[in-house]
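Shown next, in structure tokens, is the structure this report addresses.
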Amino acid sequence: MTDTPRKRSSGALKYGVALVLILGAIGLLLSSSLNSNLTFFITPSEYARDTAKYENRTVRLGGVVEPNTKSFDLNTLELRFKISDGSTVYPVYYKGAPPDLMREGIGVTVQGKFQNGVFNGEELLVKHSEEYRAPKPGEQLDYSRLIDAIKDSR
Numbered sequence: 000m001t002d003t004p005r006k007r008s009s010g011a012l013k014y015g016v017a018l019v020l021i022l023g024a025i026g027l028l029l030s031s032s033l034n035s036n037l038t039f040f041i042t043p044s045e046y047a048r049d050t051a052k053y054e055n056r057t058v059r060l061g062g063v064v065e066p067n068t069k070s071f072d073l074n075t076l077e078l079r080f081k082i083s084d085g086s087t088v089y090p091v092y093y094k095g096a097p098p099d100l101m102r103e104g105i106g107v108t109v110q111g112k113f114q115n116g117v118f119n120g121e122e123l124l125v126k127h128s129e130e131y132r133a134p135k136p137g138e139q140l141d142y143s144r145l146i147d148a149i150k151d152s153r
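Start counting the sequence shown at 0; every next residue gets the next number (numbering that gives the first Met the number 0).
In structure tokens, the structure reads:
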């Protein structure tokens, strides 16, 4: 009579160990999948501080389109501009039709990769307010407020 309960408990133990191993493997797969699909949001200054960390890695770069830097070729759909956070500036290359609201002096978030000091964008989003406030003549752009707004919209 003592053999029957032992067989039952050893069978339950085997199932318990198998269940723990299966759940552990599933957890490991989910964890590695989430880490490989993680996309960081950075500013040009953050990239400048640690270029090796972000080189050839997909990130979202947020900042303001610098005045007098935007050029768009309608034939090739190549858009080039410079993005800044008020202290650091990087050139951006994007192939595709730009969003309707894309213009100089507006906040943007570009997803892509840095390669040889140029940010190659794959997706371009324009930051805009739900309220319209016409800029006053000669008004200076508040970079810190715009960067905070871009970070809050993530």
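Backbone N, C-alpha and C define an ideal beta-carbon position, used for all residues, glycine too. Please read all numbers here as calculations on a predicted model, not as lab measurements.
Kindly list the residues whose CB is nearer than 7 Å to the CB of residue i, restricted to its own chain and excluding five residues on each side of it in sequence; keep chain order.
| i | result |
| --- | --- |
| residue 56 | 112 |
| residue 83 | 43, 62, 63, 65 |
| residue 53 | 41, 46, 113 |
| residue 51 | none |
CB-CB under 8 Å to residue i, same chain, minus the five flanking residues each way: which ones, in chain order?
| i | result |
| --- | --- |
| residue 102 | 64, 69 |
Figure out for me which residue from the options has the closest Cα to the Cα of residue i.
| i | options | result |
| --- | --- | --- |
| residue 94 | 80, 19, 106, 48 | 80 |
| residue 120 | 60, 15, 24 | 60 |
| residue 71 | 135, 107, 96 | 96 |
Just the Cα atoms here: how many angstroms apart are residue i and residue j?
| i | j | result |
| --- | --- | --- |
| residue 146 | residue 16 | 50 Å |
| residue 144 | residue 39 | 20 Å |
| residue 107 | residue 20 | 45 Å |
Which residues share a DSSP beta bridge with residue i?
| i | result |
| --- | --- |
| residue 70 | 79 |
| residue 112 | 119 |
| residue 59 | 40, 110 |
| residue 124 | 108 |
| residue 64 | 82 |
Tell me which residue opens and which closes the beta strand (DSSP E) that residue i is part of.
| i | result |
| --- | --- |
| residue 94 | 88-94 |
Would you give the residue range spanned by the alpha helix (DSSP H) that residue i belongs to?
| i | result |
| --- | --- |
| residue 52 | 50-53 |
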